[in-house]
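Inspection log for the structure reproduced underneath, given as structure tokens.
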Amino acid sequence: MAAELIVESVGAVRVLKLNRPDRLNALNEAVHEALAAAFAAIEADDSVRAALLTGEGRGFCAGADLNQSLGGGPRDLGASIDRHYNPLVRRMRALPKPIVAAVNGVAAGAGANLALAADIVLACESANFTQAFIRIGLIPDAGGTHFLPRAVGDARARGLAMLGETITARQAADWGLIWRCLPDEGFLAAALAVAADLASRPTQALAAMKAAFNAAGANGLDAQLDLERDLQRRMGRTPDFAEGVAAFREKRPANFTGAPPARD
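Each residue of the sequence shown is one higher than the one before, counting from 29 in the numbering used here.
Okay, here's the thing in structure tokens:
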């Protein structure tokens, strides 16, 4: 049986490709376990400086595999969320390296929210997004109730969740749900170029940005200002800051290494 997740390295980018195209890359236990292992490996490998998550075939991810994960009658869906979905979203958000989601087709339910857990979301023109939970009597999970109102506002978040309507990639970009909608032709190469660009940037600064953005929703202004100060103090001690200033003064491209601060 083919691996549920294809893992490849392209320079400093680790490419993760969901590989259940016959099921539109729907999530099952094996996929969750493979993703957990892949993100743990990315975090532990200093040679990896960015990740690209996409899907094989005509879909990005259709959400939970209902054929395998849901049966008839009441059941404790919270157990599956605790075991798989919440740890995955938390791991992606906490990963000290940027994640690009390249949505190459259908992104539905938890699959849509899996994409939104990435730092930068790109979608091809033929892709679409659906908060499909209402169709089977559920609420958005995998961070959906957190990501949606912050990205598109309360009114649109409620409409997307309660009506379960499908929106195009172009509409998702216009609403600010994703970063950019790109042509189908050459889409994966374009997404990989974005990930490679991120991999060439100051890794420590990108990690600090993720930490700051993660905290912003819960922090008041004073707390966020203090966090910015603390993170910036750490950034000022990184070799990449010294390199960036030197490159600016010497009018040359910077060569960022992602090395940690000389002292914390």
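Glycine included, C-beta positions come from ideal geometry on N, C-alpha and C. This structure is a prediction, so every number in the text was calculated from the model and none was measured.
Residues near residue i in its chain [Cβ-Cβ closer than 6 Å; skip 5 each side]
| i | result |
| --- | --- |
| residue 29 | The pLDDT assigned to residue 29 is 43, lower than 50, so where the model puts this residue is not dependable; a value taken from the coordinates is nonetheless given after this. No residues qualify anywhere along the chain. |
| residue 147 | 126, 127 |
| residue 235 | 124 |
| residue 62 | 32, 33 |
| residue 151 | 131, 197, 206, 209 |
Bridge-paired residues (DSSP) for residue i
| i | result |
| --- | --- |
| residue 45 | 34, 82 |
| residue 210 | 152 |
| residue 215 | Paired residue(s): none; residue 215 is not in a bridge. |
| residue 158 | 136, 194 |
| residue 234 | DSSP, once it has assigned bridges, lists no residue as partnering residue 234. |
| residue 55 | 92 |
Chain-order list of residues whose beta-carbon lies under 8 Å from that of residue i (same chain, five-residue window excluded)
| i | result |
| --- | --- |
| residue 158 | 134, 135, 136, 137, 140, 192, 193, 194, 195 |
| residue 284 | 228, 229, 230, 231, 268, 271, 272 |
| residue 190 | 162 |
| residue 68 | 119 |
| residue 183 | none |
Neighbourhood of residue i by C-beta distance below 7 Å, restricted to the same chain and skipping five residues each side
| i | result |
| --- | --- |
| residue 281 | 275 |
| residue 14 | This structure cannot speak to residue 14, because the chain is shown only from 29 to 292. |
| residue 291 | 265 |
| residue 233 | 263, 268 |
| residue 177 | 185 |
| residue 46 | 33, 53, 59, 83, 84, 89 |
Simplified DSSP assignment, three categories, for residue i
| i | result |
| --- | --- |
| residue 285 | coil |
| residue 266 | coil |
| residue 223 | helix |
| residue 39 | coil |
| residue 137 | coil |
| residue 146 | coil |
| residue 248 | coil |
| residue 87 | strand |
| residue 129 | strand |
| residue 62 | helix |
| residue 92 | strand |
| residue 290 | coil |
| residue 163 | helix |
| residue 228 | coil |
Buried versus exposed, by CB contacts within 10 Å (16 or more), residue i
| i | result |
| --- | --- |
| residue 277 | exposed |
| residue 168 | buried |
| residue 188 | buried |
| residue 91 | buried |
| residue 261 | exposed |
| residue 70 | buried |
| residue 295 | In the structure as shown, the chain starts at 29 and stops at 292, and residue 295 therefore has no counterpart that could be examined. |
| residue 53 | buried |
| residue 116 | buried |
| residue 220 | buried |
| residue 241 | exposed |
| residue 248 | exposed |
- Complete runs of the beta strand (DSSP E) confined to the stretch 167–206 [at least 3 residues]: For the beta strand (DSSP E) assignment, the uninterrupted runs of no fewer than 3 residues enclosed by the stretch 167–206 are, from N- to C-terminal side, 194–196.
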